[in-house]
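Q: Its first residue numbered 1, the sequence shown is counted upward by one per residue in the working numbering. My questions all concern the structure below.
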Amino acid sequence: MDKSKVYFTDFRTQIGVSLTVKLQRLMRKAGIEEIDMERKFVAIKMHFGEMGNLAYLRPNYARAVAEIVKEAGGFPFLTDCNTLYPGSRKHALEHLDCANINGFNPITTGCQILIADGLRGTDDIAVPVHNGEYCKEAFIGHAIMDADIVISLTHFKGHEQAGFGGTIKNIGMGSGSRAGKMQQHNSGHPQVIERKCRGCQRCAKECGSDAIVYVDQTDAEGKTIRKAQIINDLCKGCGRCIGACAFNAIVNKNWDAPQMLGRRMAEYTQAVCYGRPCFHVSLITDVSPNCDCHGENDAPILPDIGMLASFDPVALDQACVDLCEKETPFRNSQLGENMADPHFHDYHDVWTNTNPNVAWKETLEHAEKIGLGTRDYELIIMK
Numbered sequence: 001m002d003k004s005k006v007y008f009t010d011f012r013t014q015i016g017v018s019l020t021v022k023l024q025r026l027m028r029k030a031g032i033e034e035i036d037m038e039r040k041f042v043a044i045k046m047h048f049g050e051m052g053n054l055a056y057l058r059p060n061y062a063r064a065v066a067e068i069v070k071e072a073g074g075f076p077f078l079t080d081c082n083t084l085y086p087g088s089r090k091h092a093l094e095h096l097d098c099a100n101i102n103g104f105n106p107i108t109t110g111c112q113i114l115i116a117d118g119l120r121g122t123d124d125i126a127v128p129v130h131n132g133e134y135c136k137e138a139f140i141g142h143a144i145m146d147a148d149i150v151i152s153l154t155h156f157k158g159h160e161q162a163g164f165g166g167t168i169k170n171i172g173m174g175s176g177s178r179a180g181k182m183q184q185h186n187s188g189h190p191q192v193i194e195r196k197c198r199g200c201q202r203c204a205k206e207c208g209s210d211a212i213v214y215v216d217q218t219d220a221e222g223k224t225i226r227k228a229q230i231i232n233d234l235c236k237g238c239g240r241c242i243g244a245c246a247f248n249a250i251v252n253k254n255w256d257a258p259q260m261l262g263r264r265m266a267e268y269t270q271a272v273c274y275g276r277p278c279f280h281v282s283l284i285t286d287v288s289p290n291c292d293c294h295g296e297n298d299a300p301i302l303p304d305i306g307m308l309a310s311f312d313p314v315a316l317d318q319a320c321v322d323l324c325e326k327e328t329p330f331r332n333s334q335l336g337e338n339m340a341d342p343h344f345h346d347y348h349d350v351w352t353n354t355n356p357n358v359a360w361k362e363t364l365e366h367a368e369k370i371g372l373g374t375r376d377y378e379l380i381i382m383k
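What follows is the structure, given as structure tokens:
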């Protein structure tokens, strides 16, 4: 496979030129106008941010993308699917309220917002996965599959289980209905290493499924200490408790659970993209250590780097990873604190050093294997 082209520009601008204009220039240079959008439905897949999180992309960027679509004669709409966990986006009404409060509405973005898997997260369609090894069919939000064209607009950041949240995460996990998210997460459930548990209850506060309880135990000195336990029948395997634990007391029972999650996300992305025009944009800004699904965002682990665009989602994610690896971590961040700890094991990898229980390389390797794209790319820099 030939090298894919990935276009990049930083966040520097001249006086009188906005970042949204620069983003549009980047998209045009990357070839988005090659797509025939005349009277076509164009799904702009993005994340509207959880309530309380401030790291998500500003709606101004979504408007910039929608304007390009409308100029080409297309009908754009912003879209995402409901969450598996009960947060502020667990059904369409709450999801739309959350999007509106976070600034996403037809006035600010210039287009409508559709929750792709319907009111309860059950409006999906079973889509065959071309070259799928783990998922023969994927359960994708109906509105996304009804679209003629898909454009992904991704906030590139860390993730407590997938390593990073990039284009494949945005499309694969984000386009899955509730059943689709369950299928991607079904490799196993986390377990508690009791000797490491401090009973701080942070993991229970992070769990959206009420799957973590605390039981009293007696230590060697006769003192009573509370230890976390995970109820497997309630656990959805989302891994948020792993990222929440500051003492590495929660791990995956299945050693390959994060790897399997990444491979399934790649196959879900294949289901969404295969056989129709797709274009991908990723912004490396506010690089928080964890997903925008959190109801908060920790300090960025890296400086703002820039904006990228490509027709190849695999090359785009690989380029984002490579750019991030070249940056110096912020000292006052989750990554910086880990690296400053003399007892911390250096994995020589930004994402594993941020959240040591993650796996991300397998996602890109499997995506390339099934023909979603290539990790081999040419980075074309636009000033």
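Glycine included, C-beta positions come from ideal geometry on N, C-alpha and C.
Below 8 angstroms on the Cβ atoms is my guess for M265 versus M173; work out the distance and round it to an integer in Å.
A: If you number the sequence shown from 1, residue 265 lands on position 265. If you number the sequence shown from 1, residue 173 lands on position 173. The pair is a contact, with the Cβ atoms about 5 angstroms apart (cut-off 8 angstroms).
Q: The beta strand (DSSP E) spanning V215 covers which residue range?
A: Stepping through the sequence shown from its first residue, residue 215 is reached at position 215. Here the beta strand (DSSP E) through V215 covers 212-218.
Q: With a cut-off of 8 angstroms on the beta carbons, I'd call Y85 and S175 a contact; round off their distance for me.
A: Within the sequence shown, numbered from 1, the residue matching residue 85 stands at position 85. Within the sequence shown, numbered from 1, the residue matching residue 175 stands at position 175. That belief does not hold up - the Cβ atoms of Y85 and S175 are roughly 17 angstroms apart, past 8 angstroms.
Q: CB-CB under 8 angstroms to L119, same chain, minus the five flanking residues each way: which ones, in chain order?
A: Numbered from its first residue, the sequence shown carries residue 119 at position 119. Here the set comprises H91, A92, L93.
Q: Tell whether a beta-carbon distance below 9 angstroms holds between R226 and G199.
A: Residue mapping note: residue 226 aligns to position 226 of the sequence shown, counting from 1. Residue mapping note: residue 199 aligns to position 199 of the sequence shown, counting from 1. Contact flag set, yes.
Q: If you compare alpha carbons, which of I231, L335, T154 is closest to P356?
A: On the sequence shown, position 356 is the one that residue 356 refers to. If we check each option's Cα against that of P356, L335 comes out closest.
Q: Would the region 71-89 count as touching the region 31-47 if we require 3 or more Cβ pairs under 8 angstroms?
A: Judged by Cβ distances under 8 angstroms, the region 71-89 makes contact with the region 31-47, as three or more pairs qualify.
Q: Please identify the residue among A309, F164, A72 whose C-alpha is closest to the C-alpha of E400.
A: For residue 400 there is no data in the structure shown, the boundaries of the chain being 1 and 383.
Q: Counting along the chain, where does the alpha helix (DSSP H) carrying V42 start and finish?
A: By one-based count along the sequence shown, residue 42 stands at place 42. Careful: V42 lies outside any alpha helix (DSSP H), inside the beta strand (DSSP E) at 41-45.
Q: Just grab the DSSP bridge partners of G306 for me.
A: Here residue 306 refers to the residue found at position 306 when the sequence shown is read from its first residue. According to DSSP, G306 bridges with I284.
Q: Within the same chain, show all residues whose beta-carbon is closer than 6 angstroms to that of H152, passing over the 5 residues directly before and after it, in chain order.
A: The sequence position of residue 152 within the sequence shown is 152, counting from 1. For the record, residue 152 in the displayed sequence is Ser; it is not His. If we look at S152 and ignore the five residues flanking it on each side, its Cβ neighbours are K45, T167, N170, I171, H280.
Q: Given that a residue counts as buried once 16 or more other Cβ atoms are within 10 Å of its Cβ, and exposed if not, what is N332?
A: Sequence index remark: in the sequence shown, residue 332 carries index 332 (1-based). N332 comes out exposed.
Q: Is it true that the CB of L283 sits closer than 9 angstroms to the CB of L57?
A: By 1-based counting over the sequence shown, the position of residue 57 is 57. By 1-based counting over the sequence shown, the position of residue 283 is 283. Going by C-beta atoms, L57 is nearer than 9 angstroms to L283.
Q: Can the beta-carbon of C245 be found closer than 9 angstroms to that of H185?
A: The residue you call residue 245 lines up with position 245 of the sequence shown. The residue you call residue 185 lines up with position 185 of the sequence shown. Not in contact: C245 and H185 (Cβ atoms no closer than 9 angstroms).
Q: Need the endpoints of the alpha helix (DSSP H) that E34 sits in, please.
A: Numbered from its first residue, the sequence shown carries residue 34 at position 34. Premise fails: E34 is in no alpha helix (DSSP H) and is neither H nor E.
Q: Any idea what DSSP makes of E362, helix, strand or coil?
A: Against the sequence shown, residue 362 aligns to sequence position 362. Three-state DSSP puts E362 in a helix.
Q: Rounded to whole angstroms, what's the CA-CA distance from G49 to F139? Just pull it up for me.
A: Here residue 49 refers to the residue found at position 49 of the sequence shown. Here residue 139 refers to the residue found at position 139 of the sequence shown. Spanning the two alpha carbons is a distance of roughly 22 angstroms.
Q: Rounded to whole angstroms, what is the Cα-Cα separation between S398 and E325?
A: The chain is shown from 1 up to 383; residue 398 falls before or after that span and cannot be answered.
Q: Which stretch, first to last residue, makes up the beta strand (DSSP E) that contains G141?
A: Counting from one through the sequence shown, the residue named residue 141 turns up at place 141. Segment 137-141, the beta strand (DSSP E) holding G141.
Q: How would you write the range of the alpha helix (DSSP H) that R276 sits in, first residue to last?
A: Counting from one through the sequence shown, the residue named residue 276 turns up at place 276. Segment: none, R276 is in no alpha helix (DSSP H) and carries neither H nor E.
Q: Quick check on the burial criterion: 16 or more other C-beta atoms within 10 angstroms. Buried or exposed for L234?
A: The residue labelled residue 234 in the question sits at position 234 within the sequence shown. Looking at its Cβ environment, which holds fewer than 16 other Cβ atoms inside 10 Å, L234 is exposed.
Q: Taking buried to mean at least 16 other C-beta atoms within 10 Å of its own C-beta, is Q112 buried or exposed?
A: Translated into the one-based positions of the sequence shown, residue 112 becomes position 112. Classification for Q112: exposed.
Q: In terms of residues, what are the limits of the alpha helix (DSSP H) holding H189?
A: Here residue 189 corresponds to residue number 189 of the sequence shown, with the count starting at 1. Note, H189: premise wrong, no alpha helix (DSSP H); not H, not E.
Q: What are the uninterrupted segments assigned as beta strand (DSSP E) that are 3 or more residues long and contained completely in the region 246-275, given in chain order?
A: Listed in chain order, they are 250-252.
Q: Please say whether F104 and P64 have beta carbons closer to each other than 9 angstroms?
A: For the purposes of this step, residue 64 is identified with residue 64 of the sequence shown, where counting begins at 1. For the purposes of this step, residue 104 is identified with residue 104 of the sequence shown, where counting begins at 1. Here residue 64 turns out to be Ala, not Pro, going by the sequence shown. Against a cut-off of 9 angstroms, the Cβ pair of F104 and A64 comes out as no contact.
Q: Go ahead and pull the three-state DSSP assignment for D146.
A: Here residue 146 refers to the residue found at position 146 of the sequence shown. D146: helix per DSSP, three-state reduction.
Q: Going by C-alpha to C-alpha distance, which of M182, G243, F330, L302 sits closest to D322?
A: Working through the sequence shown from its first residue, we reach residue 322 at position 322. Of the candidates M182, G243, F330, L302, the one whose C-alpha sits nearest the C-alpha of D322 is L302.
Q: Let me know if I242 comes out buried or exposed under the rule of 16 or more other beta-carbons within 10 Å of its beta-carbon.
A: Mapped onto the sequence shown, residue 242 falls at position 242. Looking at its Cβ environment, which holds 16 or more other Cβ atoms inside 10 Å, I242 is buried.
Q: So does the region 187-198 actually touch the region 95-102, counting three or more Cβ pairs closer than 8 angstroms?
A: No: fewer than three Cβ pairs fall under 8 angstroms.
Q: Mind pulling the beta strand (DSSP E) runs of 3 or more residues that sit fully within the region 87-173?
A: The qualifying runs are 112-115, 124-128, 137-141, 149-155, 157-159, 163-165.
Q: Along the alpha helix (DSSP H) that carries A66, what are the first and last residues, could you check?
A: Counting from 1 along the sequence shown, the entry for residue 66 is found at position 66. Taken as a continuous stretch (DSSP letters only), the alpha helix (DSSP H) holding A66 covers 59-71.
Q: Ordered along the chain, which non-local residues of its own chain (more than five positions away) have a Cβ less than 8 angstroms from that of R202?
A: Taking the sequence shown and counting its residues from 1, the one referred to as residue 202 is at position 202. Closer than 8 angstroms at the Cβ level, and outside the excluded window around R202, lie A244, C245, A246.
Q: Say whether the region 362-380 touches the region 252-271, bearing in mind that this needs 3 or more beta-carbon pairs closer than 8 angstroms, one atom from each stretch.
A: Touching, yes.
Q: Indicate the three-state DSSP secondary structure (helix, strand or coil) for G176 in the structure shown.
A: The residue given as residue 176 occupies position 176 in the sequence shown. Strand.
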